[in-house]
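With the UniProt record's numbering applied, the sequence shown covers 1 to 280.
Worksheet: one structure, shown below.
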Amino acid sequence: MGLPGPLAKWTRKAERAEHEWGRREVDSWARTAEFGQPFSWGEAEAAVLARDYDRLPGSSVARMLGVVGWTAVVIAAIPLAGASLIGLVLVALGCNETGADAAQDWFSLATTAFVVATVAAVVAFTIWWETRRRSVALLIINALNLIGSAAAYTVLAVSTATAESWLPVLMLASGLVSAATLGLGLFSKPEGRTNNRRKSLKPPRRGPRGDKRARALRARKRLLEVVVHRGLVKLDEADLIRVGEFPLGYWSELDGLDEREWRRVLERRHTGWRDFTSEP
1 MGLPGPLAKW TRKAERAEHE WGRREVDSWA RTAEFGQPFS WGEAEAAVLA RDYDRLPGSS
61 VARMLGVVGW TAVVIAAIPL AGASLIGLVL VALGCNETGA DAAQDWFSLA TTAFVVATVA
121 AVVAFTIWWE TRRRSVALLI INALNLIGSA AAYTVLAVST ATAESWLPVL MLASGLVSAA
181 TLGLGLFSKP EGRTNNRRKS LKPPRRGPRG DKRARALRAR KRLLEVVVHR GLVKLDEADL
241 IRVGEFPLGY WSELDGLDER EWRRVLERRH TGWRDFTSEP
């Protein structure tokens, strides 16, 4: 199934713009640069990293979309993480009403809030059950849920107002599940302990960061196309993709390899003593 028409059109336009960027920023020197024979991958990559490049087309839009996306996530997470606190406020407002009907309106809203709080508590417990690890985010969510639920239950209990029977049940459910998950989390190992070895197998980051890193990767990709076109290296389509996916700053580890080592490095993502992924 292909992309929707407007999105596919925008994607093609972005690809063309990036291709033109590569031709403008890289071809001017890469088509005539001397890399020596045999071809040195490390020297070629060093030539890429030694230069400054204009911004990639669409980078400002991508950055703005990223900010908007994270903002949306935060806005969506606030009601979920603080649903019991919102419910506490609604319960307090309902208890302060003198009229029964007005109080019930607030309690109905509070019931909705504690439905969300209970769902959040169950989701948090499910996440803990799958990972069996202590997560700071889950500890905070469960602590807020427990505090809000306990406080709301206390406020309702000491008040003369009468709420729907579901409201105190939801408060108890949210509070008890959160308390259990919080206790289990506190006695669990910190999150990420089991992944230390896996993380150590990734190559340390080399080269620039942020936008400059994205530009360097795009420039290196264009350089690879140029040197293949010039006949300086011979790569089949699969190896072309693998070399392009090689971590930034590590092309030098492709130099001086025989055919067997070349296959091991590219196909198994293994260089020397270190296994690592194709993440840039």
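Every residue gets a Cβ at the ideal spot worked out from N, C-alpha and C, and that includes glycine.
In this text the structure is predicted, and so the values were computed from the model without any measurement.
Cut-off 8 Å between Cβ atoms - residues of its own chain near residue i, not counting five sequence neighbours on either side
{"i": "Pro190", "result": "Arg133 and Arg134"}
{"i": "Ala216", "result": "Val48, Leu49, Tyr53, Gly207, Pro208 and Leu248"}
{"i": "Ala151", "result": "Leu88"}
{"i": "Leu240", "result": "Leu224 and Val228"}
{"i": "Trp128", "result": "Ser135, Leu138, Thr181, Leu184, Gly185 and Ser188"}
{"i": "Tyr153", "result": "Pro168, Met171, Leu172 and Gly175"}
{"i": "Arg12", "result": "none"}
Beta-carbon proximity list for residue i, same chain, < 7 Å, skipping 5 on both sides
{"i": "Leu80", "result": "Val116 and Ala120"}
{"i": "Leu109", "result": "Leu90"}
{"i": "Trp251", "result": "Trp41, Gly42, Ala44 and Glu45"}
{"i": "Val68", "result": "none"}
{"i": "Lys199", "result": "Residue placement at Lys199 cannot be trusted, given a pLDDT of 49 that sits under 50; the coordinates are not used to answer."}
{"i": "Ser165", "result": "none"}
{"i": "Trp29", "result": "none"}
Candidates the options: closest to residue i by CA position
{"i": "Arg51", "options": "Thr71, Phe39 and Asp27", "result": "Asp27"}
{"i": "Val91", "options": "Gly69, Met171 and Leu176", "result": "Met171"}
{"i": "Glu245", "options": "Ala137, Arg260 and Ala214", "result": "Ala214"}
{"i": "Ile141", "options": "Gly175, Phe35 and Thr154", "result": "Gly175"}
{"i": "Ala17", "options": "Asp236, Asp239, Ile241 and Arg218", "result": "Arg218"}
{"i": "Val122", "options": "Arg264, Pro38, Ala30 and Ala180", "result": "Ala180"}
{"i": "Gly19", "options": "Arg205, Val155, Trp128 and Lys221", "result": "First, the residue type needs correcting, since residue 19 is His and not Gly in the sequence shown. Answer by Cα proximity: Lys221."}
{"i": "Ala143", "options": "Ala83, Val169, Arg242 and Gly36", "result": "Ala83"}
{"i": "Thr36", "options": "Ile75, Ile78, Val155 and Arg230", "result": "It is worth fixing the name first, because residue 36 is Gly in this sequence and not Thr. Checked all of Ile75, Ile78, Val155 and Arg230; the closest Cα to Gly36 is Arg230."}
{"i": "residue 287", "options": "Val68, Thr162, Ser149 and Ala157", "result": "Missing from the structure shown is residue 287; the chain here goes from 1 to 280 and no further."}
Beta-ladder partner(s) of residue i, from DSSP
{"i": "Pro190", "result": "Arg134"}
Beta-carbon contacts of residue i that lie in its chain and below 6 Å, excluding the five residues immediately before and after
{"i": "Ala33", "result": "none"}
{"i": "Trp106", "result": "Leu90, Leu93 and Gly94"}
{"i": "Ala173", "result": "Thr118"}
{"i": "Glu97", "result": "Ala103"}
{"i": "Ser159", "result": "Cys95"}
{"i": "Ser149", "result": "Ser84, Met171, Ser174 and Gly175"}
Supposed contact pair residue j and residue i - C-beta distance, whole angstroms, cut 8 Å
{"i": "Arg55", "j": "Asp258", "result": "Incorrect: roughly 41 Å between the Cβ atoms, too far for contact."}
{"i": "Ala124", "j": "Ile86", "result": "Between Ile86 and Ala124 the Cβ distance is about 17 Å, and since that is not below 8 Å, they are no contact."}
{"i": "Ser178", "j": "Leu146", "result": "4 Å"}
{"i": "Gly183", "j": "Leu139", "result": "The pair is not a contact, with the Cβ atoms about 10 Å apart (cut-off 8 Å)."}
{"i": "Phe39", "j": "Val233", "result": "5 Å"}
{"i": "Val226", "j": "Arg24", "result": "Going by Cβ atoms, the distance from Val226 to Arg24 rounds to 13 Å, so no, they are not a contact pair."}
{"i": "Glu253", "j": "Val265", "result": "7 Å"}
{"i": "Thr111", "j": "Leu167", "result": "5 Å"}
Heavy atom of the ligand COA within 8 Å of residue i beta-carbon
{"i": "Gly82", "result": "This structure lacks the ligand COA; in fact it carries no ligand of any kind."}
Task: Ranges of the alpha helix (DSSP H) found wholly within the stretch 70-157, counting only runs of at least 4 - done: 83-95 and 100-131
Open item on the list: As an exercise, report each continuous alpha helix (DSSP H) stretch of at least 4 residues that is fully enclosed by the stretch 232-265, in chain order.
Closed with: 237-245
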